[in-house]
Amino acid sequence: MNKRILVADDEDVLRMLITDTLEDEGYLITEAEDGRAAWEILQIETLDLVILDYMMPGLTGIEVAEKITGDCNNRPPIIMLTAKTQESDMEMSKNAGIQYFMGKPFSPIELIQLVEEILT
Amino acid sequence: MQSFEKYQKLFLTNVSKKIETWQELPFVEEKEIYKFLHSVKGTAASIQLPELSTEAEKVMDHVNPASTTSWQEGSWSELLQPIFLQAAFKKELELPVEEQELLEFQKEEKQPTILILENNLDFLHHFRNKMESHGYSILIAATEERALNLFYDETPDLVVIDFYLENKNGLEILEEISTQATSILTPVIIISEDGSPELAKKVYETSALDFILKPIDFEVFTTLIRNRLLHVRSLKKQITTDKLTKAYNRAYLQDLLDRKKRNFQRSEETFCLAILDLDDFKNVNDSYGHTVGDKVLVQLSEVLHASTRPEDSVIRYGGEEFIVVMPVISRIQAKRRLENMLEEFKSIVHTNKNYEFSLSFTAGLTEMNESVSKMEDLIVQADLALYRGKRSGKGTVTIYEPTQDIPNVLNAEKQVHISVVDDDSIIREILSDRLQTMNFFDHSVEVRAYKDGESFLKDDHEGKYKHVVLLDGVLPGMDGLEVLSQIRSYDQDTVVIMLTGRQKGKDIIKALNIGADDYMTKPFSTDELVARIRRLIQRHKGGKK
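These protein sequence lines map, in sequence, to chains A and B. Taken in order, the first sequence gives residues 0 to 119; the numbers are from the working numbering. Taken in order, the second sequence gives residues 28 to 572; the numbers are from the working numbering.
Following this line, the structure appears as structure tokens:
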């Protein structure tokens, strides 16, 4: 069974890059272009992994993560894409139930490795 | 390794779009600017555009995500200029040329050139953008005098004249251009705010083709211009004679050389090709006017026709350049013939009112042989010999020698010199980097940057055959306009592009009057700048090579 991943990032180009990279690896991708759309999808679809951008309009990555750990029946693992590496943000993210981080800029290979590590 | 081209392309397009959207707004919120920079920083480095990411990071220090301030275009464009330049720079580098869409006329060897006489900057702006997006090259004149000079020097394919230029009546210039234009099939279009039948009648009496009322619908206008150009092109196709001198024209030369090449391949029938260039012709036009200049050209053409054999061909190659093709003749014989023509021409006394003067020409000569693969090369060889003749003192006939000091000549001719005069060190640096990698045929490009007008003027620019100056309008010490008039006081050939703020409409007009060839308003894209430089050098003397 192919694993299903949600990619939420408001930056078109980066979202496309992630989607293409992971589709090439055989994953099924659903895209969301902001936090609110991501949350709507999460309520309908069953997902194996969620990749969230930190800074998104509507709902931020952390807010989406909080909703996942709070209200969601299915609690997929979350990767947070972030340019911010401050301690306080890391703390806040961990409180929201985020276990994995990927700092921008990242290389597609790094991302694939992390995704494989989580999903196998 | 994965290719990032697709993402880079999309990303860079998004960046340009963003800036275009912002340009439409009266101001942009500081937090919007922050968000934009944040996204550039994060994304650019992930798709292998690290320089762009670094630039964004640097600039981010100047904006606060929590700020409630709004920025006006002048301020944000200045802040973002490094990013914009960097983005535009990448865009051109990453995209293969073939992928760029070719517009109708761009497929042709030479883009049609439109001369516009207009001093309303808004209109000019609009017109230029619109026409350039259709692949036309635009010559700008803000005064009648400049319009006339451009008309004679550059022979545009179409002329647009705004009839009601401030303070002056456009009718006189209209008559002069119109009469001349009709005889060389150049359409003249008049635009005007006054649509009275009296004026319309007057305008049409000058043989202008179209009289269009402002405000202008640019879609309709573009179509009209295209139709006029297509019509003229089809007419010109049927004509192989230069109207003024009765010599053959360039279109004919192409056919002729194709035939000669086939002959040579079939029967080894060789021929000589010479390029002749009138010496100091510009002085004639400047001192006695173009009518006298035209007479001189006609006389030269008559001398050439009278002293050539029926099997020879005389072609008017450019403004004051002629090509003579002589079949089955040795180089020595050809040289002797040309020298006779030169003596003959030198002996003619030209008159204008109370003045009398004589003129000479310089010629470069070469002969067809096996090593010449393209006919263009033959012209280049003759031209190199001509160039050597000009340098060693004009009024001579020089035979092309591949072994001699040609590399030096070649270097001088195949070099584009660009001078960037701007007090902003970032702009100097980015433009220098970008322009150094610019391609212009097989020319090498040398860029020099100056932080003010004084240091530019002090430098030695002699021997810069193709020289482009990018001149900032506002400079510390000597002002940009002053620098420009200094340049023009001794040099008409250097191409000058003013770099100026959008709000400086008056200065742009002033600069054009003093003799700037073109202008760019900040923020500009380097793509556009490079395209403009290419066009201007191509138009410039020797640009055809």
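Glycine included, every Cβ here is placed at the ideal spot set by N, Cα and C.
Worksheet item: Under a CB-based cut-off of 8 Å, is K44 (chain B) close to chain A?
Response: No, because no Cβ of chain A sits closer than 8 Å to the Cβ of K44 (chain B).
Discussion item. Using beta carbons (cut-off 8 Å, strictly below), is L123 (chain A) in contact with chain B?
Written reply: It is not possible to answer for residue 123 (chain A), since the shown part of chain A is limited to 0 through 119.
Worksheet item: Beta-carbon of T553 (chain B) versus every beta-carbon of chain A: anything under 8 Å?
Response: Not one chain A Cβ lies under 8 Å of T553 (chain B).
Discussion item. Mapping the DSSP letters down to three states, classify E116 (chain A) as helix, strand or coil.
Written reply: DSSP places E116 (chain A) within a helical segment (H, G or I) once states are collapsed to three.
Worksheet item: What number of angstroms, rounded off, separates the C-alpha of Q98 (chain A) from the C-alpha of Y163 (chain B)?
Response: Rounded to the nearest angstrom, the two C-alpha atoms are 58 Å apart.
Practice prompt. Measuring alpha carbon to alpha carbon, tell me which of B:S552, B:V495 and B:F150 ends up nearest A543 (chain B).
Written response: When each option's Cα is compared against that of A543 (chain B), the closest is B:V495.
Fill in: Which residues DSSP lists as bridging V352 (chain B), in chain order
Note: V352 (chain B) is bridge-paired with B:L300 and B:S340 in the DSSP secondary-structure output.
Practice prompt. Using a Cβ-Cβ cut-off of less than 7 Å, list which residues of the segment 14-25 of chain A approach chain B; keep chain order.
Written response: Against chain B - using a Cβ distance shorter than 7 Å - the residues of the segment 14-25 of chain A are M15 and L16.
Worksheet item: Any idea what DSSP makes of E131 (chain B), helix, strand or coil?
Response: Note that E131 (chain B) scores 38 on pLDDT, short of 50, meaning its location in the model is unreliable; the coordinates nonetheless yield the value given after this. In the structure shown, E131 (chain B) sits in a helix (DSSP, three-state: H, G or I).
Worksheet item: In chain A, which residues lie less than 9 Å from H65 (chain B) when you measure between Cβ atoms?
Response: Close to H65 (chain B), with beta-carbon spacing below 9 Å, are these residues of chain A in chain order: M54 and A82.
Discussion item. Quick check: what's the CA-CA separation for D534 (chain B) versus D479 (chain B)?
Written reply: Straight-line measurement puts the Cα of D479 (chain B) at about 18 Å from the Cα of D534 (chain B).
Practice prompt. Residues of the segment 51-83 of chain B with a CB closer than 8 Å to any CB of chain A: list them in chain order, please.
Written response: If the cut-off is 8 Å between Cβ atoms, the segment 51-83 of chain B has K62, H65, S66, K68, G69, T70, A71, A72, S73, I74, P77 and S80 near chain A.
Practice prompt. Could you tell me whether any Cβ in chain A is nearer than 8 Å to the Cβ of N435 (chain B)?
Written response: Residue placement at N435 (chain B) cannot be trusted, given a pLDDT of 49 that sits under 50; what the coordinates show is reported in the next sentence. Against chain A, the CB of N435 (chain B) has no partner CB under 8 Å away; the residue lies outside that interface.
Fill in: Residue range of the unbroken beta strand (DSSP E) whose run includes K58 (chain B)
From DSSP, K58 (chain B) is part of no beta strand (DSSP E) but of the alpha helix (DSSP H) over E57 to S73.
Item to complete: Flag N41 (chain B) as yes if its beta-carbon sits less than 8 Å from any beta-carbon of chain A, otherwise no.
Response: Yes, N41 (chain B) counts as interfacial toward chain A.
Worksheet entry | Start and end residues, alpha helix (DSSP H) containing Q50 (chain B) | The continuous alpha helix (DSSP H) containing Q50 (chain B) extends over residues E32 to E51.
Worksheet item: How should L130 (chain B) be labelled, buried or exposed, when 16 other C-beta atoms within 10 angstroms of its C-beta is the threshold for buried?
Response: Residue confidence for L130 (chain B) is low, a pLDDT of 37 falling below 50, so the modelled location carries little weight; the figure read from the coordinates is stated next. So L130 (chain B) counts as exposed.
Worksheet item: With a cut-off of 8 Å, do at least 3 Cβ pairs link the segment 322-336 of chain B to the segment 371-383 of chain B?
Response: Flag = yes, the segment 322-336 of chain B and the segment 371-383 of chain B touch.
Worksheet item: Do we get a CB-CB distance below 8 Å when we pair E10 (chain A) with the residues of chain D?
Response: Among the protein chains in the structure shown, which are A and B, there is no chain D.
Discussion item. Against Y492 (chain B), what residues of chain A qualify as contacts under a CB-to-CB distance less than 8 Å, listed in chain order?
Written reply: What Y492 (chain B) touches in chain A: nothing, since even the nearest Cβ is about 43 Å away.
Worksheet item: In angstroms, rounded to a whole number, what distance separates the CA positions of V90 (chain B) and V67 (chain B)?
Response: Approximately 14 Å between the Cα atoms of the pair.
Worksheet entry | Beta-carbon spacing of S94 (chain B), E59 (chain B) below 8 Å | One thing to note: S94 (chain B) has its Cβ no nearer than 8 Å to the Cβ of E59 (chain B).
Worksheet entry | Buried versus exposed call for T206 (chain B) [16 or more other C-beta atoms within 10 Å across all chains shown] | By the 10 Å Cβ count, T206 (chain B) comes out exposed.
Worksheet item: Which residue spans inside the segment 177-252 of chain B form an unbroken alpha helix (DSSP H) run of at least 4?
Response: For the segment 177-252 of chain B, the full-length alpha helix (DSSP H) segments reaching 4 residues or more read 198-210 and 224-232 along the chain.
Practice prompt. Starting from Q99 (chain B), follow its DSSP beta bridges and name the residues at the other end.
Written response: DSSP, once it has assigned bridges, lists B:F54 as partnering Q99 (chain B).
Worksheet item: Contact between the segment 511-519 of chain B and the segment 546-553 of chain B: three or more CB pairs below 8 Å?
Response: Proximity of the segment 511-519 of chain B to the segment 546-553 of chain B falls short of the contact definition, fewer than three beta-carbon pairs being nearer than 8 Å.
Worksheet item: What does F105 (chain A) touch in chain B if you count any residue whose Cβ is under 9 Å from its own?
Response: Listed along chain B are A72 and S73, each with a C-beta nearer than 9 Å to that of F105 (chain A).
Worksheet item: Are M353 (chain B) and A361 (chain B) closer than 8 Å when you measure CB to CB?
Response: Judged by their CB atoms, M353 (chain B) and A361 (chain B) are nearer to each other than the 8 Å cut-off.
Worksheet item: Residue range of the beta strand (DSSP E) that S400 (chain B) falls in?
Response: Run containing S400 (chain B): none; DSSP gives neither H nor E here.
Worksheet item: Quick one: what does DSSP say R74 (chain A) is sitting in, helix, strand or coil?
Response: The three-state secondary structure of R74 (chain A), taken from DSSP, is coil.
Worksheet item: Does DSSP classify I97 (chain A) as helix, strand or coil?
Response: Three-state result, I97 (chain A): coil.
Discussion item. Determine, for F111 (chain B), whether the minimum Cβ-Cβ distance to residues of chain A falls below 8 Å.
Written reply: Closer than 8 Å: no.
Worksheet item: Is there a Cβ from chain A that is less than 8 Å from the Cβ of L37 (chain B)?
Response: Taking Cβ atoms only, chain A reaches closer than 8 Å to L37 (chain B), which makes this a yes.
Worksheet item: Quick one: does Y275 (chain B) have its CB under 8 Å from some CB of chain A?
Response: Y275 (chain B) does not count as touching chain A.
Worksheet item: Comparing alpha-carbon positions, which option in B:D449, B:R253, B:E394 and B:V523 lies nearest I302 (chain B)?
Response: Ranking B:D449, B:R253, B:E394 and B:V523 by Cα distance to I302 (chain B) puts B:E394 first.
Worksheet item: What do you get for S314 (chain B), buried or exposed, if any count of 16 or more other CB atoms within 10 angstroms of its CB means buried?
Response: Looking at its Cβ environment, which holds fewer than 16 other Cβ atoms inside 10 Å, S314 (chain B) is exposed.
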